[in-house]
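Number 194 in this note's numbering belongs to position 192 of the sequence shown; there are no gaps in the numbering.
The beta carbon of each residue, even a glycine, is placed where N, CA and C say it ideally should be.
Just so it is clear, the structure is predicted and the values come from calculations on it, not from any experiment.
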Amino acid sequence: MERTAAVVLAAGKGSRMGSTIHKQYMELCGKPLLYHTLRAFEESSVDEIVLVTGPGEVPFCQNEIVDRYGFSKISAVTEGGKERFHSVYAGLKAVGDCAYVLIHDGARPCVTKEIIEASRVAAIRYGACVVGMPVKDTIKISDENGYAALTPDRTSLWQIQTPQAFRYDLVLRAYNRLMDSESFQKRVTDDAMVVETMTKEKVKLIQGDYTNIKVTTPEDLEIASVFLNRIYGKK
């Protein structure tokens with residue numbers, strides 16, 4: 003079986019949390035939030051994990067996260083960059099010999115082994131895929147004055163999550179081109195967009211789970227604790 007790597011991004015500052023502690027290190031169910039994210043990948047079928055941290059945080063993550071909790075699949079801890087795409091690129095370059103790679107937000111601690119495995123299988127089958135869920139709410143597109151201008155058909159709308167999984171050569175080629183395109187860098191929002199635009203490759207949408215939330219605000223921590231207890235059971 004061809005090797006699969008995971009790039010886990012933990013370089014964000016989490017300014018909307020209203021805390022001096024970066025959200026990936028905040029306590030969630032008695033452990034750092036990032037622990038729960040890494041645990042899911044450690045217990046999955048991926049062969050190696052590259053952890054991307056914020057500036058100056060490599061020693062802390064190595065000592066207080068990787069070594070302290072015994073994550074054996076983490077092959078490298080590397081420093082990210084100013085924007086998310088810089089961090090992804092750093093992570094991709096740190097990956098060892100692999101055929102497929104899953105890119106995941108460290109602030110999504112409720113990802114499950116089942117979602118990870120479905121992403122890996124879809125990457126093998128389609129070459130590029132993203133996890134997401136159909137939107138539940140009506141979506142409005144506003145005009146420049148804040149009035150509703152358009153209501154798209156929600157049956158075709160998805161809220162995108164991570165992991166986003168790709169053939170390694172495909173996503174690395176896309177990011178190499180992105181790094182040479184400063185005009186596009188200002189508009190990029192996720193890895194699928196990079197692949198779609200830089201290579202014209204189609205990206206398959208696969209269902210994840212509504213519980214696979216990104217922790218962004220304080221109330222998200224409370225919600226995530228409920229979901230984690232549901233996934234792993236109360237200790």
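Pairing A8 with I51 gives a Cβ-Cβ distance under 7 Å. Between the region 36-56 and the region 140-149 there are fewer than three inter-stretch CB-CB distances shorter than 8 Å, so the stretches are not counted as touching. Taken through DSSP and simplified to helix, strand or coil, G93 comes out as helix.
Looking only at A120, I215 and V97, the smallest Cα-Cα distance to I208 is reached by A120. Non-local beta-carbon contacts of E203 in its own chain, meaning distances under 7 Å to residues more than five positions away in sequence, involve G129, A130, L172 and V197 in chain order. Taking all protein chains shown into account, S74 has fewer than 16 neighbouring C-beta atoms within 10 Å of its C-beta and is therefore exposed. Excluding residues up to 5 positions away in sequence, V54, T80, E81, G82 and G83 lie with their Cβ nearer than 8 Å to the Cβ of A92 in the same chain.
Within its own chain, the residues whose Cβ lies closer than 7 Å to the Cβ of A96, once the five positions on either side in sequence are excluded, are V52, A78 and T80, listed in chain order. Ranked by Cα distance from V217, the options Q166, L36, L159 and R5 are led by L36. The beta carbon of L174 lies closer than 7 Å to those of L94 in the same chain, with the five residues before and after it left out.
In the three-state reduction of the DSSP assignment, A42 falls in the helix class, which pools H, G and I.
Bridge partners of C131 according to DSSP: A167 and K206. Burial check for S158: the Cβ neighbour count within 10 Å stays below 16, so the residue is exposed. The C-alpha of S183 lies about 12 Å from the C-alpha of F87.
Look at the beta carbons and you see the region 148-158 not touching the region 108-117: under three pairs across the two are nearer than 8 Å. When DSSP reads this structure, K33 sits in a beta bridge with L30. The residue among L40, I225, I117 and K188 with its C-alpha nearest the C-alpha of R70 is L40. For D193, the enclosing alpha helix (DSSP H) covers residues D193 to T201.
Between the alpha carbons of A176 and T201 lies a distance of about 6 Å. Distances from the CA of I126 to each of D192, L230 and A101 were compared; the closest alpha carbon is that of A101. The beta carbon of A13 lies closer than 7 Å to those of V54, T55, G56, G82 and S89 in the same chain, with the five residues before and after it left out. Rounded to the nearest whole angstrom, the C-alpha separation of C63 and S185 is 33 Å.
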